[in-house]
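All remarks here apply to the structure that follows.
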Amino acid sequence: MPKLARILILSITGILTLTGGARAFETEARAAYVLDLTTNTVLLSKNADEPLPPASMSKLMTVYMLFDALRDNPNVSMDTKFVVSTRARQMGGSTMFLNERDRPTVEDLVQGIIVQSGNDATVVVAEGLAGSEDAFARMMNERAKTLGMEHSTFANASGWPHPNQRMSMHDLVILSSRLITEFPEYYGYFGQAEFEFDGRAPDNRHNRNPLLGLGIGADGLKTGHTQESGYGLVGSAKQGDRRVVFAITGLDSEAAREQEAEKIINWSFRQFVEMKIADEGERLAQAPVWMGDVQQIGLVAPHDLSVLTTTMSQEEPSLEIVYNSPIEAPIEEGSEVAELVVTREGLPDTHLPLIAERGVDRGGFVPRLRSAGHVLAGRVAVAVKEMF
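Take the position in the sequence shown, starting the count at 1, then add 77; the result is the number in the numbering used here.
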């Protein structure tokens with residue numbers, strides 16, 4: 078069987094020359110998770126997988142289900158009108174003040190949930206898509222598992238307190254990242270400052286996200302608060318080409334939530350910087366081929382490869398290429414055959430894919446005999462020869 082080869086890259090043109098280390102962020106939140114979405118780098122994790130009451134932050138799952146229906150269900154569009162039940166009208170807390178005579182459109186409901194945090198709107202969506210809120214909660218639980226949300230359970234669409242309504246901060250960031258990347262055509266609603274349905278609830282028309290309008294690139298996503306959960310916020314901000322997504326909960330006041338969220342954004346963009354490692358199509362190494370019509374194949378970047386590093390790091394990152402050596406033919410051009418592992422001070426390792434530069438066919442009798450002979454001679458030597 079092919080053995081695992083590790084290639085140490087001693088130097089790449091333009092590799093980082095930085096000094097010092099990032100200042101650790103000590104959050105006052107009970108739980109927190111901060112992700113640099115652009116490079117998929119975890120910047121902060123505190124009790125991130127603990128299932129906690131999410132309050133209205135769980136409305137993001139209802140929004141995701143609705144966006145999913147807009148994408149996949151031909152019977153659901155932004156103009157589709159939904160029925161308002163008595164149960165929806167009777168919802169307390171923050172609402173759109175819907176009544177049974179109303180027929181809000183999907184676009185009305187999207188804005189009512191995101192901007193007004195309307196509990197009534199979430200029930201209308203749940204009943205409109207699944208027939209009942211209980212059935213919708215089951216759908217939410219099933220969909221959450223497919224999204225990799227391992228520490229979330231749903232009992233309702235609104236986030237109303239319930240012992241089975243739980244989400245982790247990690248899961249909230251997974252969900253938010255999906256909303257951002259899968260539905261860019263709808264994501265702008267999260268940055269909408271205000272919405273008022275049919276002239277109702279003028280005192281509840283403003284978006285509760287305190288970060289919007291601060292000039293720090295914040296453009297989403299959702300706040301939450303109950304007595305049990307404390308004050309929480311799932312947020313995202315974009316500065317330049319970088320985007321950060323984060324979730325915090327358990328703060329003791331609106332002011333503390335706002336201050337903590339703003340600090341996280343500033344820290345994320347000031348203490349870390351994105352650095353390019355390779356251009357799309359750039360060959361970083363060659364690997365031996367087994368039983369192919371050529372003996373070596375180039376390992377190239379499938380797209381521009383970048384990593385995050387601390388702005389004050391004292392050490393250059395180390396880079397290794399890892400693959401099963403030799404790579405067995407046939408090999409399809411563009412198939413993932415190796416991994417670039419980047420190690421830096423103060424950050425988890427980043428694993429980036431490398432692909433085959435060209436296709437390799439199975440070799441004829443002579444190349445296959447040569448390969449077989451090479452293997453019989455001792456394949457452990459392959460890894461030693463590849464070190465440079």
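Glycine residues also receive a C-beta, built at the ideal position from the N, C-alpha and C atoms.
Original post:
Apart from the five residues on each side of it in sequence, which residues of its chain come closer than 8 Å, Cβ to Cβ, to Ser412?
Top reply: Within the sequence shown, numbered from 1, the residue matching residue 412 stands at position 335. Cβ within range, chain order: Ile432, Ala433.
Subject >> Coarse secondary structure for Phe274, derived from DSSP in three states >> reply: Reading the sequence shown from its first residue, position 197 is the one you call residue 274. Reduced to three states, the DSSP call for Phe274 is helix.
Subject >> Buried or exposed by the 16-neighbour rule on C-beta atoms within 10 Å, applied to Pro425 >> reply: In the sequence shown, residue 425 corresponds to position 348, counting from 1. Classified as exposed, Pro425 has fewer than 16 neighbouring CB atoms from the shown chains inside 10 Å of its CB.
Subject >> Sequence ranges, beta strand (DSSP E) only - wholly within the segment 270 to 323, length at least 3 >> reply: Listed in chain order, the complete beta strand (DSSP E) runs (minimum 3 residues) inside the segment 270 to 323 are 295 to 303, 307 to 316.
**OP:** Give the DSSP bridge partners of Asp113, in chain order.
**Re:** The residue you call residue 113 lines up with position 36 of the sequence shown. Paired residues: Thr118, Val321.
Original post:
How long is the line joining the alpha carbons of Ala207 and Ala355, rounded to whole angstroms?
Top reply: The sequence position of residue 207 within the sequence shown is 130, counting from 1. The sequence position of residue 355 within the sequence shown is 278, counting from 1. Taking the straight line from one Cα to the other gives about 47 Å.
**OP:** With a threshold of 16 other CB atoms inside 10 Å of the CB of Gly169, please say whether the residue is buried or exposed.
**Re:** For the purposes of this step, residue 169 is identified with residue 92 of the sequence shown, where counting begins at 1. Counting the other CB atoms within 10 Å of its CB gives Gly169 a total below 16, which places it among the exposed residues.
Original post:
How close, in whole Å, do the beta carbons of Ala106 and Thr326 come, if the pair is a contact with beta carbons under 8 Å?
Top reply: Counting from 1 along the sequence shown, the entry for residue 106 is found at position 29. Counting from 1 along the sequence shown, the entry for residue 326 is found at position 249. Yes, Ala106 and Thr326 are in contact; Cβ-Cβ is about 6 Å, under 8 Å.
Original post:
What first and last residue would you give for the beta strand (DSSP E) that runs through Met217?
Top reply: Taking the sequence shown and counting its residues from 1, the one referred to as residue 217 is at position 140. Segment 210 to 223 is the alpha helix (DSSP H) holding Met217; no beta strand (DSSP E) there.
**OP:** State buried or exposed for Lys222, treating a residue as buried only when at least 16 other CB atoms are found within 10 Å of its CB.
**Re:** Locating residue 222 in the sequence shown gives position 145, counting from the first residue. Its Cβ having fewer than 16 others within 10 Å, Lys222 is exposed.
Original post:
So Asp179 and Val161 are in contact, right, with Cβ under 8 Å, and what is the actual spacing, rounded?
Top reply: For the purposes of this step, residue 179 is taken as the residue at position 102 of the sequence shown. For the purposes of this step, residue 161 is taken as the residue at position 84 of the sequence shown. Approximately 5 Å separates the beta-carbon atoms of Asp179 and Val161; this is inside 8 Å, confirming the contact.
**OP:** Could you name the residues of the same chain whose beta carbon sits closer than 6 Å to that of Ser133, not counting the 5 residues immediately before and after it, in chain order?
**Re:** Here residue 133 refers to the residue found at position 56 when the sequence shown is read from its first residue. Closer than 6 Å at Cβ, skipping near neighbours: Ser194, Gly236, Gly301.
**OP:** Rounded to whole angstroms, what's the CA-CA distance from Thr427 to Val119? Just pull it up for me.
**Re:** Walking along the sequence shown from the start, residue 427 turns up at place 350. Walking along the sequence shown from the start, residue 119 turns up at place 42. Straight-line Cα distance between these residues: approximately 10 Å.
Subject >> Rounded separation between Arg282 and Arg334 - CA only >> reply: Your numbering for residue 282 matches position 205 in the sequence shown. Your numbering for residue 334 matches position 257 in the sequence shown. The alpha-carbon atoms of Arg282 and Arg334 are separated by roughly 20 Å.
**OP:** Leaving aside the five residues before and after Met173 along the sequence, list all residues of the same chain whose C-beta is less than 6 Å from its C-beta, in chain order.
**Re:** One-based indexing of the sequence shown puts residue 173 at position 96. Correct list, in chain order: Gly189, Gln193, Gly195, Asp197, Ala198, Phe274.
Original post:
Closest to Leu112 by CA distance: which of Leu252, Thr157, Met155, Ser395 is it?
Top reply: Locating residue 112 in the sequence shown gives position 35, counting from the first residue. For the options Leu252, Thr157, Met155, Ser395, the alpha carbon positioned closest to that of Leu112 is the one of Leu252.
**OP:** Please check the pair Val414 and Leu376, which I expect to be a contact at CB under 8 Å, by giving their CB distance rounded to whole angstroms.
**Re:** Here residue 414 is taken as the residue at index 337 of the sequence shown, counted from 1. Here residue 376 is taken as the residue at index 299 of the sequence shown, counted from 1. At roughly 7 Å, the Cβ-Cβ gap stays under 8 Å, so Val414 and Leu376 are in contact.
Original post:
Could you give the residue range of the alpha helix (DSSP H) that holds His247?
Top reply: By one-based count along the sequence shown, residue 247 stands at place 170. Taken as a continuous stretch (DSSP letters only), the alpha helix (DSSP H) holding His247 covers 246 to 259.
Original post:
Of the residues Ala109, Phe102, Glu103, which one's Cα is nearest the Cα of Gly309?
Top reply: Taking the first residue of the sequence shown as 1, we reach residue 309 at position 232. Residue Ala109 is the option with its Cα nearest to Gly309.
Subject >> Host beta strand (DSSP E) of Gln363 (start-end) >> reply: Stepping through the sequence shown from its first residue, residue 363 is reached at position 286. According to the DSSP assignment, Gln363 belongs to the beta strand (DSSP E) that extends over 360 to 367.
Subject >> Buried/exposed call for Thr116, threshold 16 Cβ in 10 Å >> reply: For the purposes of this step, residue 116 is identified with residue 39 of the sequence shown, where counting begins at 1. The C-beta of Thr116 has 16 or more other C-beta atoms within 10 Å across all chains shown, which makes the residue buried.
Original post:
Where does Gln383 sit, in a helix, a strand or coil, going by DSSP?
Top reply: As a first step, residue 383 is located in the sequence shown; it is residue number 306 there, counting from the start. Per the sequence shown, residue 383 should be read as Ser rather than Gln. The answer is strand: DSSP assigns Ser383 an E or B state.
Original post:
So, is Gln242 buried or exposed, given that buried needs 16 or more other C-beta atoms within 10 angstroms?
Top reply: Taking the sequence shown and counting its residues from 1, one reaches residue 242 at position 165. Its Cβ being crowded by 16 or more others within 10 Å, Gln242 is buried.
Original post:
Candidates Glu397, Ile342, Glu331: which alpha carbon is nearest Gln363's?
Top reply: As a first step, residue 363 must be located in the sequence shown, where it is residue number 286. Minimum Cα distance to Gln363 is reached at Glu397.
Original post:
Roughly how many angstroms separate the alpha carbons of Val350 and Thr388, rounded to a whole number?
Top reply: As a first step, residue 350 must be located in the sequence shown, where it is residue number 273. As a first step, residue 388 must be located in the sequence shown, where it is residue number 311. A straight line joining the alpha-carbon of Val350 with that of Thr388 spans about 6 Å.
Original post:
Could you check where the alpha helix (DSSP H) with Gln336 kicks off and where it finishes?
Top reply: Position 259 of the sequence shown, counted from the first residue, corresponds to residue 336. Going by DSSP, Gln336 is part of the alpha helix (DSSP H) stretching over 331 to 347.
Original post:
Out of curiosity, what's the CA-to-CA distance linking Arg148 and Pro379?
Top reply: Translated into positions along the sequence shown, residue 148 becomes position 71. Translated into positions along the sequence shown, residue 379 becomes position 302. Their Cα atoms are separated by approximately 28 Å.
Subject >> Buried/exposed call for Gly297, threshold 16 Cβ in 10 Å >> reply: On the sequence shown, residue 297 is found 220 positions in, with the first residue counted as 1. Classification of Gly297: buried, given that the 10 Å Cβ count is 16 or more.
Subject >> Nonlocal neighbours in the same chain, by C-beta distance under 8 Å from Leu361, ignoring five residues either side >> reply: For the purposes of this step, residue 361 is taken as residue 284 along the sequence shown, with counting starting at 1. The beta carbon of Leu361 is closer than 8 Å to those of Ile86, Ile89, Ala355, Leu376, Val377, Ala378, Ile398, Leu417, Leu431 in its chain, skipping five residues each way along the sequence.
**OP:** Could you have a look at Leu429 and say whether DSSP puts it in helix, strand or coil?
**Re:** Sequence index remark: in the sequence shown, residue 429 carries index 352 (1-based). If DSSP states are grouped into helix, strand and coil, Leu429 belongs with the strands.
Original post:
Distance, Cα to Cα, Ala295 vs Leu256?
Top reply: Counting from one through the sequence shown, the residue named residue 295 turns up at place 218. Counting from one through the sequence shown, the residue named residue 256 turns up at place 179. Going from the Cα of Ala295 to the Cα of Leu256 covers about 15 Å.
**OP:** Would you kindly check if the distance between the Cβ of Thr104 and the Cβ of Glu337 is under 8 Å?
**Re:** Looking up residue 337 in the sequence shown gives position 260. Looking up residue 104 in the sequence shown gives position 27. Pairing Glu337 with Thr104 gives a Cβ-Cβ distance under 8 Å.
Original post:
Using the rule of at least 16 other Cβ atoms within 10 Å of the residue's Cβ for burial, across every protein chain shown, is Arg347 buried or exposed?
Top reply: In the sequence shown, residue 347 corresponds to position 270, counting from 1. So Arg347 counts as exposed.
Original post:
Gln188: beta carbon under 7 Å from a heavy atom of the ligand GTP?
Top reply: With respect to the ligand GTP, the structure offers nothing, as it holds no ligand at all.
**OP:** Please state whether DSSP places Gln373 in a helix, a strand or coil.
**Re:** Stepping through the sequence shown from its first residue, residue 373 is reached at position 296. If DSSP states are grouped into helix, strand and coil, Gln373 belongs with the strands.
Original post:
Since Tyr400 is in the beta strand (DSSP E), which residue starts that stretch and which ends it?
Top reply: Within the sequence shown, residue 400 is the residue found at index 323, counting from 1. Its beta strand (DSSP E) spans residues 395 to 402.
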